[in-house]
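For reference, each letter of the sequence shown is one residue, going 1132 to 1847 in the numbering used here. This report refers to the structure that appears directly beneath it.
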Amino acid sequence: MASKSESNKSPSRRNSTQPKSSRQQFSACGACRMRRVRCDLKDLVASSPSAGLAACSNCKERGLRCVDEFQEIKAVKALRRGRRLQVVEAAFITQRPIIDLHEISLRFLEAHNGNTDALGVTGQLLCMVLAAWAASFGVNEMGEPESPHGHQVPRLAKERTNLMTQELLQLVDIHGVLRKPTWDGVRVLLLLVPLTEDIQSPLERLAMYEVAINQVYTLCSLASASSMKSSSGDFVDATLQARIFWYAHVHEGITTGLRGGRLLLSDDDLETFQATTLPLIGTQSAVNYQTALRYSRTPLQISAICRQVHASLTGPKARQTDEIDTHRLHEVWNHLGLAWDDLEGLRNFPTTDMFQPHELERFIGGWQIKIFECLSVIKDTLKQRMVACTEAGAAFLSDGQISRSSRLAHISQLHAHADDRCQRYAHLVVQIVHRLLASGAFEFDASLCRDGCFYAGVLLAGESGTEEEVKTCLQALREMRWAFSKSDERLHTLKMVWDRRFTTERRRLELRRNDLSLPESSSASPFTSSDSVSDFNENHSRFPPPLLISQSSRGFHDSAPNTAGTEDGWTVASNSSFGAHSHRSSSGSPPYISHPQKVEAVDSTLILAPTGDQTVFCQSAIPEMDTFAFSITHTTNSAPRSPHEITPPCSSAGLSTSSISYQDSYLDPSGPTLFSVSPPGSARGVGDVTATAPLPLEKNAPYHVGYAPSHFFPTP
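If you want it as structure tokens, here you go:
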């Protein structure tokens, strides 16, 4: 029996050759740790943090002095965790100012101490939404970021976020949040919509978003500030009310307004609200009033500018007219420049408790990158207008006064002006990105800087950018941790654009080299001269090096790149002539499979097509790949029936653009005329139309289509 009992105990004993476990128990007091009994000191401290020095039940029973030997160590660890949480909270509030951290923290502590009325049902849902947002950034419940290494981390973060979001949607339905307007409920809806990209259809998300906007208008116009009942006073209630309305108005402007959806809030609503609410805030505290107004003015101005873009260019009414309001469009450009300067002027004000210096830099730089996104959307929309004008069947307008060619020249002139602005601001954006990289501002970005960085990278990679500038944009996209940022697809797209430029330049140099090797008597080209050698050396000095992107980046080859700019990853539907269909990418099923009627001569390896001398075919319209540029060799496609038919509703701008261009600048003039697709964001669209041969007007003539790329609202 003794041997049997010893044999049963032997597996539980630690082998002498095995090292001791490094795990130590920090939650128990010294006496309980020595006696190896359960200690409830941690629970007592958590239940009554203001009680001071507490004693566990075992020490009280035995009359012992309860000493927590690791109290200082735990305090240091808690301080570190608090600092990490502050970093995440600051980055989140900079982009989602609909939450007041001080107000929600006080209510949460009151509920934790037993006051069940402090939060209520919708308040508890709001806390759960914040936890879901933390999971989307890869931050666990302890405030610690998950390990950034490994391919599975972003995918696991998205799966965990989707599970939490599904549970939240069920609770929203159970408690009737959609039909009962409350201040907490409307914040739940506005914060929940960006997280439903993978689990709701665009129609469901649009309906949910419009309900939230209507609730904001109803609460701010009919309900008084005292109805918030935050137990913090009328001043705090009025401030929260202004925070919610400003957030909804700005978010709708920079997303739905910029991309041509249906607007529910107007500028008149904003003026009426501020006339009734701002005096209440200003009379309570002049300093807080001036600070809030200072940091809210520029985002509100940018939102108003986006609404002007909606009225003059991207909105349903503007798309139905053939003429473009040139005066209003120039006003938009001027106002965007003034907004850029106003953001720079914020550096002259001393920092307050609202913004630390690094947070102020993130605020200014993020909104300046958003301004560049607005400029890029305007340029791409004008490019689409050029294509629509080129494909018009009638030679004259209905009034018979303005010809189609003159209208095309007018739009081309506006596009040239827009492209010039984008070229100038792109280099400034790269400088801003370089400064923000040092502070880790992109780690917790959720669409404030995402689309602007991508647009700048595509424009510079395809045109005049250097390798360092492109790598800066790549590094910013690579650091973004948000589960719905689509950083992997964007990285692959930038690499393909750069490789396209690299291949084109190499082909151009090869043709030059072949021309130089021909005898003088056999040269029938009038363009060949003795300056070819110097021209070749000059081109060789500008030859872009291959861009090395680590293949160990978080890229998944089983999903097709979806790199179009998105508004928090969801589509704004409208009553316009754009297609009403939609598509959501799923792992293992490339998105272009759902559009077979629009695919012509598409190879199965298009998604990650190798660069070099391989032949890649061009497709006429693939919704999820509107930012790619592929070479065309003897491929004839039929022109699309309408410019809106090639616009997928899942495109961020809602305006994927096409360009038809003859480009012989890469080739020797004496050689055969080939075609080339300009990279997304290319500036060649205007030059190709005006400086080269006339465009083919026949439906079946060869042509090229270059799909150009057309948020998580940052703080006002």
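Ideal Cβ placement from N, Cα and C applies to all residues, glycine included.
Q | Of the residues Ala1338, Ala1557, Thr1387, the one placed nearest Gly1593, counting alpha carbons only | A | Ala1557
Q | Endpoints, alpha helix (DSSP H) assigned at Gln1346 | A | 1333-1353
Q) Nearest to Arg1555 by CA position, among Cys1520, Leu1353, Leu1506, Thr1370, is which residue? A) Comparing C-alpha distances from Arg1555 to each of Cys1520, Leu1353, Leu1506, Thr1370 shows the shortest one belongs to Leu1506.
Q) Enumerated in chain order, which unbroken segments of the beta strand (DSSP E) with a length of 3 residues or greater are wholly contained in the segment 1527-1606? A) none
Q) So which of Thr1370, Gly1307, Ala1379, Arg1336 has the shortest CA-CA distance to Asn1345? A) Ala1379
Q) What alpha helix (DSSP H) runs, 4 residues minimum, are completely inside the segment 1463-1526? A) 1488-1521
Q: Note down, one range per segment and in chain order, each alpha helix (DSSP H) of at least 4 residues found wholly within the segment 1377-1442.
A: Annotation: the segment 1377-1442 contains the following complete segments of the alpha helix (DSSP H) (minimum length 4 residues), in chain order: 1398-1415, 1417-1440.
Q) For Ala1442, which option in Glu1402, Arg1390, Thr1403, Pro1430 has the closest C-alpha, if you only look at C-alpha atoms? A) Arg1390
Q. Can you list the alpha helix (DSSP H) stretches of 4 or more residues lying completely in the segment 1223-1248, in chain order?
A. Fully enclosed alpha helix (DSSP H) runs of 4 or longer: 1232-1243.
Q.
Here's a check: name, in chain order, each residue in its chain whose Cβ is nearer than 7 Å to the Cβ of Asn1645, leaving out the five neighbours to either side.
A. Setting aside the 5 residues that flank it on each side, Asn1645 has no residue in the same chain whose C-beta is closer than 7 Å to its C-beta.
Q.
Which of the three DSSP states is assigned to Val1308 in this structure?
A. coil
Q) Just reading off the alpha helix (DSSP H) that Pro1447 is part of, what are its end residues? A) From DSSP, the alpha helix (DSSP H) with Pro1447 extends over 1447-1450.
**Q.** Backbone secondary structure at Val1168 - three-state DSSP
**A.** coil
Q | For Leu1320, the nearest candidate out of Phe1494, Val1308, Asp1329 (CA to CA) | A | Val1308
Q: Starting from the Cα of Ser1536, find the closest Cα among Tyr1348, Gly1194, Asp1453 and give me that residue.
A: Asp1453
Q | Own chain, CB closer than 8 Å to Arg1167, minus 5 neighbours either side, in chain order | A | none
Q: For Pro1276, collect the residues of the same chain with a Cβ closer than 7 Å to its Cβ; drop the 5 residues on either side in sequence, then sort them by chain order.
A: Gly1269, Val1270
Q. Straight-line CA distance for Thr1422 to Cys1160?
A. 47 Å
Q: Return the Cβ separation of Ile1385 and Ser1332 in integer angstroms, given the expectation that the two are a contact with Cβ distance under 8 Å.
A: Not quite, the Cβ-Cβ distance comes to about 23 Å (not below 8 Å), so this is no contact.
Q | Three-way DSSP call (helix, strand, coil) for Val1270 in this model | A | strand
Q: Out of Leu1299, Arg1639, Val1561, state which residue places its alpha-carbon closest to the alpha-carbon of Gly1583.
A: With distances taken between Cα atoms, Gly1583 lies closest to Val1561.
(Q) Considering only the alpha carbon of each residue, which of Leu1394, Phe1376, Tyr1426 lies closest to Glu1402? (A) Phe1376
Q. Three or more C-beta pairs closer than 8 Å, one from the segment 1291-1299 and one from the segment 1223-1240: is that the case here?
A. no
Q) Just reading off the alpha helix (DSSP H) that Ser1188 is part of, what are its end residues? A) 1188-1193
Q) Across which residues does DSSP place Pro1276 in a beta bridge pair? A) Val1270
Q.
Out of Asp1456, Gln1372, Glu1341, Arg1336, which one is the CA nearest neighbour of Leu1353?
A. Gln1372
Q. In chain order, what residues of the same chain have a beta carbon less than 7 Å from the beta carbon of Gly1254, not counting five sequence neighbours either side?
A. Hits under 7 Å: Arg1238, Asp1315.
Q | Residue-level contact to chain E via CB, Asp1399, 8 Å cutoff | A | Within the model displayed, chain E is absent; a lone protein chain is all it includes.
Q | C-alpha gap between Tyr1426 and Leu1469, whole angstroms | A | 15 Å
Q) Between Phe1633, Leu1513, Asn1479, Asp1619, which lies nearest to Pro1285 when the distance is taken from Cα to Cα? A) Asp1619
Q) Going by C-alpha distance, which of Thr1327, Thr1313, Asp1473 is nearest Leu1250? A) If we check each option's Cα against that of Leu1250, Thr1313 comes out closest.
(Q) For Glu1599 and Arg1552, what's the separation of their Cα atoms in angstroms? (A) Straight-line Cα distance between these residues: approximately 21 Å.
Q. When the Cα of Thr1521 is compared with those of Ile1509, Thr1429, Phe1480, Ala1540, which residue comes out closest?
A. Cα-wise, what sits closest to Thr1521 is Ala1540.
**Q.** Nonlocal neighbours in the same chain, by C-beta distance under 7 Å from Arg1612, ignoring five residues either side
**A.** Phe1268, Gly1269, Glu1574, Phe1575
Q) Exposed or buried, what is Asp1550 when buried is set at 16 or more other beta-carbons lying within 10 Å of its beta-carbon? A) Asp1550 is buried by the Cβ-count criterion.
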